[in-house]
Amino acid sequence: MIKLRDMFRKELACDANERSGAWDGALSDSHTLLTSGLIAGTKVATEIGWRDVEALQAGDKVLTFDDGLQTVRKVSRRWTYQEPHLTPEEFWPLDVPEGALGNRTGLILLPDQPVMMESDSSEATFGDPFTLIPARALEGYKGIDRLCADIPVEVVALHFDTEQVVFGNIGALFYCPAKGGASDACVAPRYEALPLTLSRMFVAALAQQGADGGVTMRRPEMPSQTQSTVV
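The structure is reproduced here in structure tokens:
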């Protein structure tokens, strides 16, 4: 079993206990988890090239899938897996090998982080070649597997004026919420992820057909003067 600590070669910026917690769900009164957001170290396409998501600040411009460069309005930073021994396997992150989702480098995803996939079957079924699914549905697809959550990791959420999908690790596509949150009671959601059961059926169909879930996705068109920049 590969462990999360084996995937990180640099020290964490600070003690996880120094950061306030946030959660999607709680395991107990004293242990909470984040199951979506981008893990520190994920590269995001910006106006000055590929940058670590944890280096971004409000006011930076990020390249989005549908709307080109958009300004980051807020950056949320939290920690998860602060008590690894209490984390059930269903909440462990996923190790995504190079190329599995169109990503040119390996990456780690939290289980409920929405990921955009491209396929002919999606277009035939839903009328759109792009489908948003939770990352946990990808377990077993193209070598994607769970990582033992044995150390705390920093999780970053980028917020924009409206919901956006951003490029990560030079090819993969990830959902990011609007500044006010992932949804607004007065505004219809711009992007909706498939339920987990349907997502797993969709991924199984991709695997059976030998379909490509990301490699043929639209590549980000970086500003020409900084196309190869990584910060």
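Numbering (full-length UniProt numbering), first residue to last: 1 to 231. Quick reminder that beta carbons are idealized off the backbone N, C-alpha and C, glycines included.
Rounded separation between residue 233 and residue 132 - CA only: This structure does not reach residue 233, given that the chain is present from 1 up to 231, and the question cannot be answered.
Contacting residues, own chain, Cβ-Cβ under 8 Å from residue 128 (five flanking each side not counted): Closer than 8 Å at Cβ, skipping near neighbours: 122.
Identity of the residue in 174, 200, 207 and 198 nearest residue 62 by Cα: For residue 62, the nearest C-alpha among the options comes from 174.
For residue 175, the residue or residues it bridges with in DSSP: According to DSSP, residue 175 bridges with 165.
Simplified DSSP state of residue 149, which is helix, strand or coil: Secondary structure of residue 149 (DSSP, three-state): coil.
Selection from 119, 101 and 113 that minimises the alpha carbon distance to residue 205: Measuring from the Cα of residue 205, the nearest candidate turns out to be 119.
Presumed contact (8 Å Cβ cut-off) between residue 110 and residue 35, rounded CB distance: Confirmed, about 5 Å.
Three-state secondary structure assigned by DSSP to residue 51: Here DSSP, grouped into helix, strand and coil, assigns residue 51 to strand.
Residue span of the alpha helix (DSSP H) that contains residue 130, given as start and end: For residue 130, no alpha helix (DSSP H) segment is defined; the enclosing uninterrupted segment is the beta strand (DSSP E) at 130-134.
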